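Q: Sharing a structure here in structure tokens format.
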Amino acid sequence: MTLTKTDPQIAKLILAEEKRQKEVLEMIPSENYASAAVRSALGTVLNNKYSEGYPKKRYYQGNKIVDEVELLAIERAKKLFGVPYVNVQALSGSPANLAVYVALLEPQKDKIMGLSLAFGGHLTHGQPQSVTGKFFKSVLYELGKDGRLDFAAIEKQALKEKPKIIVCGFTAYPRIIDFKKFAAIADKVGAYLLADISHIAGLVVAGVHPSPAPYAHIITTTTHKTLRGPRGALIMVTAKGLKKDADLGKKIDSAIIPGIQGGPHDDQTAAIAVALKEAATPAFKKYSAQIVKNTKTLATELTKFGFNLVSGGSDNHLILIDLKNKGVNGAIAAYALEVANIVVNKNGVPFDTMPPFYPSGIRLGTPAITTRGMKEAEMKKIAAWMRRVIEEVKNEKLPQDKEKRSNFLKNFRDRANKNKNLLQIAKEVKTLTGKFLIP
Ligand SMILES: Cc1ncc(COP(=O)(O)O)c(C=O)c1O
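Last residue of the sequence shown: number 426 in my numbering, and the count goes up by one each step with no gaps.
Below, the structure is given as structure tokens:
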């Protein structure tokens, strides 16, 4: 029975989402379009299997073929990232990071040191709202006034706090990460260095961002961002990691199962293997280099229009815009841009005085639009549209009175939905996106 016959409601919603993804400029930096090959490995008969355990050491029978799938994914990841040990079973990036902590830390005793969420760190880097900050001790570092990593301050804090794990690799950081400097600090205080390269993994394997493999002990990454695979994650132990603790791989495997998960999602594992094969091609290298070129062009154009970019620009796939000088709140900007078919997310900026629901900035990136084949010429058009959108809403002032904000936002949305200039831009965007197919 086809989906349309069994569940027309869900089938219709999937088609509507497909249409949305085709029409808009998808510029949330953590999103991408997985290839048809990756997607066709998902939702296959591999979904039907239970395979708790690891290849050749399963709790259930019938896993000969699944073993081959998982071993292939592991081998490809080892080769692509240049690491000796890989676990491919974490269901996503958050459980991957949690598994590392479960493997290495004693709850309520050992400490994680990660970048504060307000400065671009991830929830799972020890934030108090996350289980990683509730079950383990944590201390958070911040960026310098220039929006960049301040290694002198990080070192000072690490020496004082003596964390057992230092986390580098971020969610909203537009610059190259100097893994060597992080390693020097971690080594000095005897900490494990965890590089969470979820955002930049595709850039790393393509050689357009330095690799943490020589410097970190453990590397985690999601597989669905710049790596362009299915939702999922990899946990990798480097040669340096195995040198520090020969059992590190085994500890991580046990943290995944029986520690925090049960059976792996075998169709997801197969799709990860496919994505890793794709990421090893020259075409993928070219794609990743184009992501960086596109972001740089977009950053230059936005700067020409008076946009204030955190850290002054970008070296990777993402841009963080501080909108304070434009007098437009991030929540207002993100909504107006969506009406104009440009999808980004509202985001805090370093030293933001506004709360996360009404932050001062927006975050955007080029991985998905680069997958569609867009290049520098399109980036220039996008910057010009963004300027028009922000100009259009510059008089929409978020009330100082917190009580009045939600009602204001509701009314603003109604106004934006009917705004002729925003709808005109939406039409122009649709004409452009119509020319760039989703592979
Ligand atoms: C740096 C980083 N680590 C981990 C994650 C968590 O991944 P997931 O959403 O798959 O749990 C994210 C997600 O955005 C991320 O940016």
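Positions of the beta carbon are idealized from the N, C-alpha and C atoms, including for glycine.
Remember, it's a predicted structure, so these values are computed and weren't measured experimentally.
Kindly list the residues whose CB is nearer than 7 Å to the CB of I412, restricted to its own chain and excluding five residues on each side of it in sequence; keep chain order.
A: Cβ within range, chain order: A327, W372, R375, V376.
Q: Starting from the C-beta of I349, find all residues in its chain whose C-beta is less than 7 Å away, skip the five residues before and the five after it, and write them out in chain order.
A: Only I308, L310, G317, A320, A321, V331, N332, K333, N334 meet the Cβ criterion.
Q: Do the CB positions of N281 and K362 come within less than 8 Å of each other?
A: yes
Q: I'd like to confirm something about N84: is its beta-carbon nearer than 7 Å to some heavy atom of ligand 1, or not?
A: Of the heavy atoms belonging to ligand 1, at least one sits nearer than 7 Å to the Cβ of N84.
Q: Under 8 Å, do A145 and A178 count as touching if we go by C-beta distance?
A: yes
Q: Give the range of the alpha helix (DSSP H) segment to which L181 is assigned.
A: In this chain, L181 is not harboured by any alpha helix (DSSP H); it is covered by the beta strand (DSSP E) spanning 179 to 183.
Q: Less than 8 Å between the C-beta atoms of L67 and A267, yes or no?
A: yes
Q: When every heavy atom of ligand 1 is checked, does at least one fall within less than 7 Å of the C-beta of S79?
A: yes
Q: Which ranges does the alpha helix (DSSP H) cover as unbroken runs of at least 4 residues, wholly within the stretch 2 to 90, from first to last along the chain?
A: Segments of the alpha helix (DSSP H) lying fully in the stretch 2 to 90: 23 to 28, 51 to 68.
Q: Would you mind sorting T19 into buried or exposed? The rule is 16 or more other CB atoms within 10 Å of its CB.
A: Residue identity check: residue 19 is Asn in the sequence provided, not Thr. Answer is buried; the Cβ neighbour count reaches 16.
Q: Ignoring anything shorter than 4 residues or poking outside the stretch 308 to 394, list the alpha helix (DSSP H) runs there in chain order.
A: 317 to 326, 354 to 358, 363 to 379
Q: Return yes when the C-beta of R218 is under 7 Å from any heavy atom of ligand 1, and no when it is not.
A: yes
Q: Could you spell out the range, first to last residue, of the beta strand (DSSP E) harbouring I141?
A: DSSP places I141 outside any beta strand (DSSP E); the residue lies instead in the alpha helix (DSSP H), whose first and last residues are 138 to 148.
Q: Measure the C-alpha to C-alpha separation of K414 and G113 and round it to an integer number of angstroms.
A: 43 Å
Q: Should S17 be listed as close to ligand 1, given that the test is whether its C-beta is under 7 Å from any heavy atom?
A: yes
Q: Closer than 7 Å: is that where the CB of G113 sits relative to any heavy atom of ligand 1?
A: Set against 7 Å, the gap from the CB of G113 to the closest heavy atom of ligand 1 is not smaller.
Q: Leaving out five residues on either side along the sequence, give the residues of the same chain with a beta carbon under 6 Å from the beta carbon of M427.
A: The question about residue 427 has no answer, for the chain in this structure spans -12 to 426.
Q: Confirm the yes/no value for this check: CB of D183, any heavy atom of ligand 1, distance under 7 Å.
A: yes
Q: May I ask you to check if the CB of G219 is nearer than 7 Å to at least one heavy atom of ligand 3?
A: Among the ligands present in this structure, namely ligand 1, ligand 3 is not found.
Q: Cβ atoms of G107 and A159: under 8 Å apart, would you say?
A: yes
Q: How close, in whole Å, do the beta carbons of P217 and I259 come, if the pair is a contact with beta carbons under 8 Å?
A: 6 Å
Q: Going along the chain, which residues of its own chain have a beta-carbon closer than 8 Å to the beta-carbon of I1, five neighbours each way excluded?
A: L(-10)
Q: In whole angstroms, give me the CA-to-CA distance for Q116 and K98.
A: The alpha-carbon separation between Q116 and K98 amounts to approximately 16 Å.
Q: Between the C-alpha atoms of P201 and L58, what's the straight-line distance to the nearest angstrom?
A: The straight-line gap separating the alpha-carbon atoms of P201 and L58 is approximately 24 Å.
Q: Evaluate A90 with the Cβ neighbour count: other Cβ atoms within 10 Å of its Cβ, from every protein chain shown; 16 or more gives buried, anything less gives exposed.
A: buried
Q: Taking three-plus beta-carbon pairs below 8 Å as touching, is the stretch 281 to 296 in contact with the stretch 218 to 230?
A: no
Q: Ligand 1 heavy atoms versus the CB of F157: any closer than 7 Å?
A: In this structure, ligand 1 has a non-hydrogen atom nearer than 7 Å to the beta-carbon of F157.
Q: Return the residue from the list A23, T353, N408, L130 that minimises the CA-CA distance to V261.
A: A23
Q: Hey, could you find the ends of the beta strand (DSSP E) S125 is sitting in?
A: 124 to 128
Q: Looking at the structure shown, is N433 part of a helix, part of a strand, or coil, going by DSSP?
A: Residue coverage of the chain in this structure runs from -12 to 426, which leaves residue 433 outside it and unanswerable.
Q: Can you name the residues that DSSP bridges to T207?
A: D183, I222
Q: In angstroms with no decimal places, state the Cα-to-Cα distance between P354 and T213.
A: 6 Å
Q: Please name the residue, chosen from K422, H196, N84, that lies closest to K272 on a Cα-to-Cα basis.
A: Proximity to K272 across K422, H196, N84 peaks at H196, based on C-alpha coordinates.
Q: So the beta strand (DSSP E) G101 belongs to, where does it begin and stop?
A: Taken as a continuous stretch (DSSP letters only), the beta strand (DSSP E) holding G101 covers 98 to 102.
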